[in-house]
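In the numbering used here, the protein residues as written are 711 to 939. Using N, Cα and C, we set each Cβ at its ideal position, and we do this for glycine too.
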């Protein structure tokens with residue numbers, strides 16, 4: 711019987727959920743140790759957390775999917791820890807003032823890091839309406855203007871030609887969307903660097919600079935650093 715099978719699976723699911731909570735707590739504590747010495751970033755992060763309160767971004771993302779607003783593989787929520795972003799930025803030799811673009815930035819927490827910690831103008835693209843509206847309210851509280859932008863738009867349709875460094879977390883992308891990603895990123899200027907998570911860009915337009923494993927909110931994944939030829 712189906713209900714009995716689900717009942718047997720319940721203890722394992724509860725354990726997995728608790729392990730994930732502890733994993734993310736460990737990642738957050740590492741972020742605090744490394745970056746909370748930056749008062750502007752610390753304040754921005756506390757205001758970001760207050761903007762969600764007890765509401766889970768994962769649940770908000772799932773509701774958007776259930777409402778038919780998103781395709782499933784583009785709506786699965788996950789966060790890139792700041793410690794991982796720092797490692798990626800060092801590997802990519804990202805310089806202050808470089809134009810950063812986050813291709814599917816979720817709640818926008820990564821945008822805060824690129825701006826406050828690395829000194830980069832940054833914009834993101836996101837499909838979950840609630841994420842965008844909450845970030846816009848957060849921007850007002852922080853007094854952020856043109857240097858930090860979040861657009862409610864599918865990045866496949868965006869003009870990315872000014873990007874120096876782009877972050878693509880394509881872990882859950884379908885094969886069709888991975889192919890679309892490669893086509894859309896073909897517009898980048900020569901020398902632009904893409905950090906693609908879980909999958910390399912299968913395109914002759916890009917050369918692989920390096921690859922390494924790094925932690926994310928869901929576990930460990932491979933980072934592929936590639937440069938537009």
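Two segments are said to touch when three or more pairs of C-beta atoms, one from each, lie closer than 8 Å; by this definition the region 798-812 touches the region 827-835. If you ignore the 5 residues before and after residue 925, its C-beta comes within less than 7 Å of the C-beta of 737, 791, 794, all in its own chain and listed in chain order. Beyond the five residues adjoining it in sequence on each side, residue 865 comes within less than 6 Å, by CB distance, of 813, 835 in the same chain, given in chain order. Pairing residue 862 with residue 837, the inter-Cα distance amounts to about 6 Å. A Cβ-Cβ separation of about 6 Å places residue 816 in contact with residue 787 under the 8 Å criterion. Going by DSSP, residue 859 is part of no alpha helix (DSSP H) but of the beta strand (DSSP E) stretching over 858-862.
Here residue 892 has 911, 912, 913 as same chain residues with Cβ atoms under 7 Å from its own Cβ, once five neighbours each way along the sequence are excluded.
DSSP places residue 919 in the strand class (E or B) of the three-state scheme. In the structure shown, the three-state DSSP call for residue 867 is helix.
Between residue 902 and residue 873, the gap from beta carbon to beta carbon is short of 8 Å. The alpha-carbon separation between residue 803 and residue 886 amounts to approximately 31 Å.
Beyond the five residues adjoining it in sequence on each side, residue 897 comes within less than 7 Å, by CB distance, of 870, 871 in the same chain, given in chain order. Contact check for residue 933 against residue 798 passes: the beta carbons are separated by less than 8 Å. In chain order, 848, 851, 852 place their CB closer than 7 Å to the CB of residue 757, counting only its own chain and leaving out the 5 sequence neighbours on each side. In terms of Cβ geometry, residue 823 and residue 751 form a close pair [threshold 8 Å].
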